[in-house]
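Let me begin by presenting the structure, written as structure tokens, before commenting on it.
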Amino acid sequence: MSNPRLASAVFRLVRSTTKNSVAAAAAGLVLAAGAGMAQAKDAKVGNLVIEAPWSRATPGRSTLGVGYLAIVNIGNKIDILKAASSPIAARVEIHETSMRNGVMRMRKVEDGVEIKAQEVTEFKPGGLHLMLIGLKKPIVKDETFPVQLTFAKAGKVDLTFTAAGIGAAQPPAALGIGAAGGSHSGSDAQARGQEKGSH
Ligand SMILES: [Cu+2]
314 MSNPRLASAV FRLVRSTTKN SVAAAAAGLV LAAGAGMAQA KDAKVGNLVI EAPWSRATPG
374 RSTLGVGYLA IVNIGNKIDI LKAASSPIAA RVEIHETSMR NGVMRMRKVE DGVEIKAQEV
434 TEFKPGGLHL MLIGLKKPIV KDETFPVQLT FAKAGKVDLT FTAAGIGAAQ PPAALGIGAA
494 GGSHSGSDAQ ARGQEKGSH
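Numbering follows this note's numbering, with no gaps: position 83 of the sequence shown is 396.
Structure below.
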């Protein structure tokens with residue numbers, strides 16, 4: 314297991330089965346100091362670890378919202394993200410943004426997203442994302458909302474998304490990832506290293 318992200322996901326998976334409330338409380342204090350009441354909201358289902366679900370506050374009367382996250386498949390078999398839903402939106406689609414001839418395009422992913430074994434599948438600005446369509450109320454910075462994902466094999470998992478600011482390119486600081494642009498996994502591993510060392 315050479316990917317540090319996978320190794321860290323395994324560590325977190327193991328740890329989550331023996332949730333350390335003291336460590337969680339300490340982490341909560343640090344996070345609260347960083348950005349309001351937001352906290353990291355990782356989840357797991359089967360062999361999938363879903364990390365740092367986040368969104369963006371929506372401007373004005375926009376009824377379109379986004380959702381980003383990373384799905385770590387620590388198992389040996391491929392899974393497929395089939396669908397997503399949220400009580401705050403009429404529907405949630407899986408979209409992919411790509412650049413073609415300098416133009417940013419967005420398309421709906423109809424057949425689900427392959428979550429390859431032993432890989433990290435990232436939903437992030439400029440790539441795969443969840444599109445919340447027909448928001449029933451605006452998404453407000455630092456607030457959280459629920460989203461349910463459905464995987465072909467692992468089944469359903471309930472997530473809590475935390476909203477960053479309008480147009481944010483990075484997850485909320487409280488989620489502790491994506492600190493500086495390109496070196497996502499590097500800063501992630503670093504953050505986790507510190508987290509690991511603290512308890
Ligand atoms: Cu979209």
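Beta carbons are placed, not taken as given, at the ideal position from N, Cα and C, and that holds for glycine.
Exposed unless 16 or more other CB atoms sit within 10 angstroms - verdict on residue i
i	result
glutamate 364	buried
methionine 417	exposed
lysine 450	exposed
leucine 472	buried
leucine 377	exposed
serine 411	exposed
lysine 390	exposed
alanine 430	exposed
glycine 494	Per-residue confidence for glycine 494 stands at a pLDDT of 39, beneath the threshold of 50, marking its modelled position as unreliable; the derived number appears in the next sentence. With fewer than 16 other Cβ atoms within 10 Å, it is exposed.
arginine 318	buried
valine 453	exposed
Residue i CB to nearest heavy atom of ligand 1 below 8 Å
i	result
glutamate 406	yes
valine 426	no
valine 460	no
valine 379	yes
methionine 412	no
methionine 417	no
Beta-bridge partners of residue i, as assigned by DSSP
i	result
lysine 469	Thr463
leucine 394	Val426, Phe464
isoleucine 479	In the DSSP output, where bridge partners are listed per residue, isoleucine 479 has none listed.
threonine 457	Thr475
leucine 377	Ile446
threonine 410	Met419
threonine 293	The structure shown does not extend to residue 293, since the chain is modelled only from 314 through 512, so no value can be given for it.
Integer-rounded CB distance, given that residue j should sit under 8 Å from residue i
i	j	result
arginine 369	isoleucine 446	Their Cβ separation, rounded to whole angstroms, is 15 Å, which puts arginine 369 and isoleucine 446 out of contact at 8 Å.
isoleucine 401	leucine 443	That belief does not hold up - the Cβ atoms of isoleucine 401 and leucine 443 are roughly 12 Å apart, past 8 Å.
proline 366	phenylalanine 474	4 Å
C-beta neighbour in chain C for residue i, strict 9 Å
i	result
alanine 402	Although the question refers to chain C, the structure presented lacks it and comprises just one protein chain.
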